[in-house]
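Numbers in the working numbering are just positions in the sequence shown, counted from 1, shifted up by 1444. C-beta atoms are modelled at their ideal positions from N, C-alpha and C, and glycine is treated no differently. A short worksheet on the structure shown next.
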Amino acid sequence: MTVTLDRNVEEFIGVPRQLFIDGRWTDAASGRTFETPNPATGETLARIAEGGAEDINRAVKAARRAFEEGPWSRMSASERGRIIWRIGDLILAHLDELAQLESLDNGKPFAVAQAADVPLAADMFHYMAGWATKIEGNTIDISVPYMPGSNFHSYTLREPVGVVGQIIPWNFPLLMAAWKLGPALATGNCVVLKPAEQTSLTALRLAELIAEAGLPDGVVNVVPGFGETAGAALTSHPDVDKVAFTGSTAVGKLIVAASAATNLKKLTLELGGKSPNIIFDDAGDGAIEGAAHAIFFNHGQCCVAGSRLYVQRSRFDEVVDGVAEIAKSIKMGPGIEPDTQMGPLVSEEQLRLVTGYMESGEAEGATALAGGGRYGERGYFVEPTVLTNTRPDMKVVREEIFGPVLVAAPFTDLNEIAAQANDSEYGLGAGIWTRDISKAHALAKKLRAGTVWINCYNVFDAALPFGGYKQSGWGREMGHEVLNSYTQVKAVTTLL
């Protein structure tokens, strides 16, 4: 049985989608479009205008005009907050519609998008709406040694950066748009958003809801397109003040180079991960299920997926066998079907990449306790996979796979596992499973990771900062920490 599509969804995907620039829907300057496939079938789902350098330039000009001259910069913080709150309300009002679009475009189960992606996106706008009125400076009492007897009044202003280019990935399209747009708008910036070419539909539908919420023209512009063209034009544009990017570390390095070559624009980068998930021998019964959830949630297409499983030696066989049994029991199918537990990967390219890693692991001596290959002949499905007999030097252990592939290895004690867990160029997340909370906190302090979960995994909230150490990125998303990424501080001093 398949979920009956919302009529708005059928109408939305039934016509070619345009770019959203300066509050208007427009074709790409080149007239080109591209197809976005349904990952469950490989067939065309929708056709979308292909933004390029000229479209990015138009969008940046619109954002600059809105920031410098438009009503957004003159609007009170309270008014901005009310509009941002309305965006969250509209997302909830269209929850099932957005969840269906996300499921069709990305492949994830409709039930997951309905329960997690869409409500979390709404919550992000609601949370950030409250911060709009709380962007504050400080007064500072200064004394200047070389001006004795002089009195000064000094204070700081926290001001928006200006025009922000935002590039989001395909694994959580709507949620990543909310993570980026919410804080940028709360702090008074204007945005050019480039969604991933694989999954542009919910960003374009969100643009309609943003307009309906009353956001002035030009404040948010949405330009789908490819990284080599639209993305490159956005990151190298001299009138973009900041770029916020979520994606691979390799592309993040290209963005750093583009910033350095133009105007040294501010950057926040949420990049790759190869997160360790550590189970001690005294862990509770939920550890096995938690380990499976850590890697198989969202088909393993999570930057923070618990893709390296370390289990204390006395319980290694029990845990990995349990995770393998869960992997074998997962119901595969199109995301739009209500009983699907794991849908397809997002694209044929991702299918080739993930199956290539599986083949590499087998060639280097790893053993597949579950899965190990493609699932079916139609669509971009791969089997949930558990690999043992792994070594630290294997590609499947060192590199981010971004699929439902778990590598497992035993460990002996806390000091040994801290070194193993940190033996990675990444440092995004980590999990610890133990009944000994003192041991858990001792290990958490040793781990070089931006998020550490204890006896849980994949717990996110708009109030919690998220980001990585090492090559997992710069800066933080969410929480009050993200406000620093979208503001600049100005010091003002007056001689009294």
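Anticipated Cβ contact below 8 Å, residue i with residue j, distance rounded
i: residue 1614; j: residue 1643; result: 4 Å
i: residue 1735; j: residue 1753; result: 6 Å
i: residue 1985; j: residue 1814; result: Coverage of the chain is limited to positions 1445 through 1940, which leaves residue 1985 absent and any answer about it impossible.
i: residue 2004; j: residue 1639; result: For the chain, the structure presents residues 1445 to 1940; residue 2004 sits outside this window and is missing.
i: residue 1917; j: residue 1846; result: Contact doesn't hold; Cβ gap of about 15 Å is too wide.
i: residue 1607; j: residue 1764; result: That pair is no contact at about 50 Å.
i: residue 1461; j: residue 1490; result: 6 Å
i: residue 1653; j: residue 1463; result: Not quite, the Cβ-Cβ distance comes to about 16 Å (not below 8 Å), so this is no contact.
i: residue 1927; j: residue 1623; result: Wrong, their Cβ atoms sit about 13 Å apart, outside the cutoff.
Reference residue i; option with closest CA among the options
i: residue 1892; options: 1929, 1732 and 1718; result: 1718
i: residue 1612; options: 1778, 1692, 1492 and 1797; result: 1692
i: residue 1912; options: 1897, 1938 and 1870; result: 1870
i: residue 1771; options: 1575, 1793 and 1816; result: 1816
i: residue 1449; options: 1539, 1626, 1655 and 1909; result: 1539
i: residue 1599; options: 1605, 1586 and 1593; result: 1586
i: residue 1865; options: 1621, 1507 and 1755; result: 1755
i: residue 1939; options: 1594, 1853 and 1858; result: 1594
i: residue 1900; options: 1776, 1603 and 1873; result: 1873
i: residue 1577; options: 1519, 1559 and 1608; result: 1519
i: residue 1516; options: 1688, 1660 and 1602; result: 1660
i: residue 1844; options: 1832, 1802, 1812 and 1820; result: 1802
i: residue 1465; options: 1631, 1838, 1832 and 1662; result: 1662
i: residue 1720; options: 1482, 1582, 1852 and 1690; result: 1852
i: residue 1625; options: 1487, 1462 and 1527; result: 1527
i: residue 1812; options: 1833, 1905 and 1674; result: 1833
i: residue 1837; options: 1675, 1818, 1557 and 1867; result: 1867
i: residue 1487; options: 1513, 1551 and 1818; result: 1551
i: residue 1557; options: 1584, 1485, 1648 and 1785; result: 1785
i: residue 1732; options: 1716, 1715 and 1766; result: 1766
i: residue 1530; options: 1573, 1548 and 1514; result: 1573
i: residue 1929; options: 1459, 1548, 1629 and 1935; result: 1629
i: residue 1793; options: 1458, 1459 and 1480; result: 1480
Any non-hydrogen atom of the ligand HEM closer than 7 Å to residue i Cβ
i: residue 1493; result: Absence of the ligand HEM is noted for the structure shown, with no ligands found whatsoever.
Neighbour-count burial assignment, residue i, 16 or more Cβ in a 10 Å radius
i: residue 1545; result: buried
i: residue 1567; result: buried
i: residue 1591; result: exposed
i: residue 1887; result: buried
i: residue 1696; result: buried
i: residue 1641; result: buried
i: residue 1685; result: buried
i: residue 1580; result: exposed
i: residue 1907; result: exposed
i: residue 1444; result: The shown model of the chain, from 1445 to 1940, leaves out residue 1444, and the question about it has no answer.
i: residue 1635; result: buried
i: residue 1783; result: exposed
i: residue 1742; result: buried
i: residue 1933; result: exposed
i: residue 1482; result: buried
i: residue 1829; result: buried
i: residue 1777; result: buried
i: residue 1773; result: exposed
i: residue 1428; result: Residue 1428 cannot be examined here, being either before or after the span of the chain that is shown, 1445 to 1940.
i: residue 1714; result: buried
i: residue 1570; result: buried
i: residue 1459; result: exposed
i: residue 1589; result: exposed
i: residue 1905; result: exposed
Neighbourhood of residue i by C-beta, 8 Å cutoff - its chain only, sequence neighbours within 5 removed
i: residue 1536; result: 1562, 1563 and 1566
i: residue 1903; result: 1897
i: residue 1810; result: 1831, 1832, 1833, 1834, 1838, 1840 and 1851
i: residue 1485; result: 1778, 1822 and 1823
Residues of its chain near residue i, where Cβ-Cβ distance is below 6 Å and the 5 sequence neighbours each way are ignored
i: residue 1707; result: 1682
i: residue 1632; result: 1604
i: residue 1703; result: 1709 and 1711
i: residue 1890; result: 1862
i: residue 1469; result: 1462
i: residue 1583; result: 1599
i: residue 1730; result: none
Close-in-space but distant-in-sequence residues of the same chain around residue i (CB under 7 Å, 5 per side omitted)
i: residue 1739; result: 1749, 1750, 1751, 1848 and 1850
i: residue 1655; result: 1467
i: residue 1473; result: 1496, 1498 and 1499
i: residue 1856; result: 1757
i: residue 1931; result: 1579, 1602, 1603, 1604, 1605 and 1631
i: residue 1419; result: Outside the shown range of the chain, which is 1445 to 1940, sits residue 1419, and nothing can be said about it.
i: residue 1509; result: 1662
Chain C contact for residue i (CB, 8 Å cutoff)
i: residue 1825; result: Annotation note: the requested chain C is absent from the structure, which comprises a single protein chain.
### Query
When the Cβ atoms of the stretch 1726 to 1742 are set against those of the stretch 1873 to 1893, are three or more pairs found closer than 8 Å?
yes
### Query
Do three or more CB pairs link the stretch 1808 to 1824 to the stretch 1787 to 1798 at distances below 8 Å?
yes
### Task
Check whether the stretch 1448 to 1463 touches the stretch 1795 to 1811, counting contact only when three or more Cβ pairs, one atom from each stretch, lie closer than 8 Å.
no
### Query
Does the count of Cβ pairs from the stretch 1495 to 1502 and the stretch 1662 to 1676 closer than 8 Å reach three?
yes
### Message
Taking contact to mean 3 or more Cβ pairs, one atom from each stretch, closer than 8 Å, check whether the stretch 1754 to 1766 and the stretch 1514 to 1533 are in contact.
### Response
no
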